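Chains B and L supply the protein sequences, listed in that same order.
For what it's worth, our numbering labels the leading residue of the first sequence as 445, then goes sequentially.
For what it's worth, our numbering labels the leading residue of the second sequence as 445, then goes sequentially.
From the three backbone atoms N, C-alpha and C, an ideal C-beta is built for every residue, glycine too.
Bear in mind that the values here come from a model prediction, so they are computed numbers and not experimental data.
Protein chains: 2
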Amino acid sequence: MQFTEKKIESTLRREGYKLTPQRRAVLNAIADSHDHLTPADIYDKVRQEHPGIGLVTVYRTLDILDKLGLICEVHSGGNCRSYLMRRPQEHHHHLICSECGAVADFTECDFSELEHRLSRDTGFEIEGHLLEFSGRCHNCRKATPS
Amino acid sequence: MQFTEKKIESTLRREGYKLTPQRRAVLNAIADSHDHLTPADIYDKVRQEHPGIGLVTVYRTLDILDKLGLICEVHSGGNCRSYLMRRPQEHHHHLICSECGAVADFTECDFSELEHRLSRDTGFEIEGHLLEFSGRCHNCRKATPS
DNA sequence: TGTGTAATTGAAAACGTTTTTCATTTACAC
DNA sequence: GTGTAAATGAAAAACGTTTTCAATTACACA
């Protein structure tokens with residue numbers, strides 16, 4: 445279950461942000477899509493129903509949503525700034541289709557042992573990790589079996 | 445052990461690339477540094493000994509080295525295009541200090557079980573993964589213990 | 001239900017990074 | 001040496017992103 449629009453709106457309010465139609469539109473665009481979207485993608489989607497919106501506003505809204513942890517960034521595929529809705533609370537990772545960009549989530553990742561070993565070997569205090577798998581999704585495999 | 449300059453030069457030749465002084469300079473700049481460098485960082489370093497070089501050439505050389513797999517990209521820390529020398533042959537990952545940018549390598553990563561499970565659950569055919577840890581390196585921890 | 005105010009917006013311009021273009025130069029096979 | 005295709009550097013274009021600023025707007029409070 446994703447953050448509901450309601451939940452996001454109340455979070456924005458709680459943090460002192462105003463709820464403008466533009467922000468709602470950006471929110472909807474991201475929530476409606478299961479893929480990761482670049483700022484430009486989001487701008488294009490939003491403009492269909494909200495022609496006057498500025499790209500700046502999209503950027504500003506994305507910054508806020510990212511800062512509040514309501515959306516998260518995806519890094520794979522050369523593209524360095526795409527966003528997805530974030531599932532509530534839980535730490536998770538992405539599986540990204542290298543052909544169509546479809547994204548699947550998973551939560552499993554137990555690095556405790558590896559982190560302990562790395563910490564011992566390198567002297568690093570490990571704070572976080574970035575894990576993404578890439579591959580071909582079900583649909584793309586059916587479309588062109590390799 | 446990193447790729448030696450000799451090894452890299454022969455690889456370039458084998459692939460039909462010419463060995464220009466500019467390419468050597470870029471190569472040296474990356475090889476001399478243990479950190480990850482952005483194209484601009486590399487440009488700055490190279491210009492000290494090779495003032496006439498153009499930023500374009502740095503970019504072009506990085507593209508080639510990346511395509512040949514002689515250097516690799518680092519993603520963490522918001523910065524989306526930094527390069528490191530690549531260790532020969534082996535698959536490896538990075539541990540990146542969030543304070544000073546120091547990089548440590550490690551090779552361990554056994555995702556066979558997780559990949560199998562993900563494949564079964566999502567229908568993805570998994571081709572690769574991106575794994576990076578972030579944390580505070582030995583030096584930074586000593587400098588300002590938290 | 002108004003009203004005041006600080007937050008938000010959009011347009012334009014600035015900015016940094018990366019790519020393209022093109023005439024000149026250069027590494028290397030012969 | 002010489003010829004040729006590849007590589008270079010300068011300039012300009014093309015991106016993506018941020019800053020600036022005057023005008024607008026959401027919302028707390030009366």
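Within the region 456-506 of chain B, note down every full alpha helix (DSSP H) run reaching 4 residues or more, in order along the chain. Within the region 456-506 of chain B, the runs of alpha helix (DSSP H) at least 4 residues long that lie entirely inside it are, in chain order, 465-476 and 483-493.
At what residue ranges does the region 554-582 of chain B contain a whole run of the alpha helix (DSSP H), taking only runs of 4 or more? If we require 4 residues or more, the alpha helix (DSSP H) runs fully inside the region 554-582 of chain B come out as 556-566.
Under the three-state reduction of DSSP, which class applies to Cys-584 (chain B): helix, strand or coil? Cys-584 (chain B) carries a helical assignment under DSSP once its states are collapsed to helix, strand and coil.
DSSP puts Leu-528 (chain L) in a beta bridge; with which residues? When DSSP reads this structure, Leu-528 (chain L) sits in a beta bridge with L:Cys-516.
Cβ of Val-500 (chain B) within 8 angstroms of Cβ of Ile-486 (chain B)? At least 8 angstroms separates the beta-carbon of Val-500 (chain B) from that of Ile-486 (chain B).
Checking the sheet assignment: what are the DSSP bridge partners for Ala-548 (chain L)? Looking at the DSSP assignment, Ala-548 (chain L) forms a beta bridge with L:Leu-539.
Taking contact to mean 3 or more Cβ pairs, one atom from each stretch, closer than 8 angstroms, check whether the region 447-456 of chain L and the region 554-568 of chain B are in contact. Here the region 447-456 of chain L does not lie against the region 554-568 of chain B, with fewer than 3 beta-carbon pairs under 8 angstroms apart.
Output the distance between the C-alpha atoms of Glu-576 (chain B) and Arg-504 (chain L), rounded to the nearest integer angstrom. Approximately 28 angstroms, taken between the alpha carbons.
I need the straight-line Cα distance from His-480 (chain B) to Ser-526 (chain B), nearest angstrom please. About 6 angstroms.
Anything in the region 562-583 of chain L with a Cβ closer than 7 angstroms to a Cβ of chain B? List those residues in chain order, please. For the region 562-583 of chain L, the set of residues with a beta-carbon nearer than 7 angstroms to any beta-carbon of chain B comprises Leu-562, Thr-566, Gly-567, Phe-568, Glu-569, Ile-570, Glu-571, Gly-572, His-573, Leu-574, Leu-575, Glu-576, Phe-577, Ser-578, Gly-579, Arg-580, Cys-581 and His-582, in chain order.
Thinking C-beta only, is His-494 (chain L) closer than 8 angstroms to Ala-475 (chain L)? No, the Cβ-Cβ distance between Ala-475 (chain L) and His-494 (chain L) is not below 8 angstroms.
Smallest Cα separation from Pro-591 (chain B): which of B:Lys-511, B:Asp-507, B:Ala-587 and B:Cys-581? No answer is possible for residue 591 (chain B): it lies beyond the span of chain B, which begins at 445 and ends at 590.
Cutoff 8 angstroms: Ser-542 (chain B) Cβ touching any chain L Cβ: Chain L, which has a Cβ nearer than 8 angstroms to the Cβ of Ser-542 (chain B), makes this yes.
Proximal residues to Glu-459 (chain L) (C-beta, below 7 angstroms), its chain only, five neighbours per side dropped: The residues are Leu-512.
Establish whether the CB of Ala-473 (chain L) and some CB of chain B are separated by less than 8 angstroms. Chain B, which has no Cβ nearer than 8 angstroms to the Cβ of Ala-473 (chain L), makes this no.
Would Gln-533 (chain B) pass as an interface residue toward chain L - the criterion being a Cβ-Cβ separation below 8 angstroms? Because the pLDDT of Gln-533 (chain B) is 49, which lies under 50, any placement of that residue in the model is unreliable, and the number read from its coordinates should be weighed accordingly. Not closer than 8 angstroms to any Cβ of chain L, the Cβ of Gln-533 (chain B) fails to qualify, so no.
Alpha carbon to alpha carbon, what distance is there between Gly-572 (chain B) and Leu-514 (chain L)? Leu-514 (chain L) and Gly-572 (chain B): Cα-Cα distance of roughly 27 angstroms.
Residue nearest to Thr-588 (chain B) in terms of C-alpha spacing, selected from B:Gln-466, B:Cys-544 and B:Thr-464: Relative to the Cα of Thr-588 (chain B), the nearest Cα in the group B:Gln-466, B:Cys-544 and B:Thr-464 belongs to B:Cys-544.
Please list, in chain order, all residues of the same chain as Val-518 (chain B) whose beta carbon is under 8 angstroms from its beta carbon, the five residues on each side excluded. Cβ contact annotation for Val-518 (chain B) (same chain, cutoff 8 angstroms, sequence separation greater than five): His-480, Ser-526, Tyr-527, Leu-528, His-538, Ile-540, Val-547 and Glu-576, in chain order.
What in chain L is Cβ-close to Glu-552 (chain B), meaning under 9 angstroms? Per Cβ cutoff of 9 angstroms: Leu-558, Arg-561 and Leu-562.
Cβ atoms of Leu-574 (chain L) and Leu-574 (chain B): under 8 angstroms apart, would you say? Going by C-beta atoms, Leu-574 (chain B) is nearer than 8 angstroms to Leu-574 (chain L).
Own chain, CB closer than 6 angstroms to Arg-467 (chain B), minus 5 neighbours either side, in chain order: Result list for Arg-467 (chain B): Thr-505, in chain order.
Closest residue to Ala-473 (chain L) among L:Asp-488, L:Ile-570, L:Thr-464 and L:Ser-578 (Cα-Cα distance): Check the Cα spacing between Ala-473 (chain L) and each of L:Asp-488, L:Ile-570, L:Thr-464 and L:Ser-578: the tightest is with L:Asp-488.
Between L:Gly-498, L:Ser-578, L:Ile-570 and L:Thr-464, which lies nearest to Ser-578 (chain B) when the distance is taken from Cα to Cα? It is L:Ile-570 whose Cα lies nearest to the Cα of Ser-578 (chain B).
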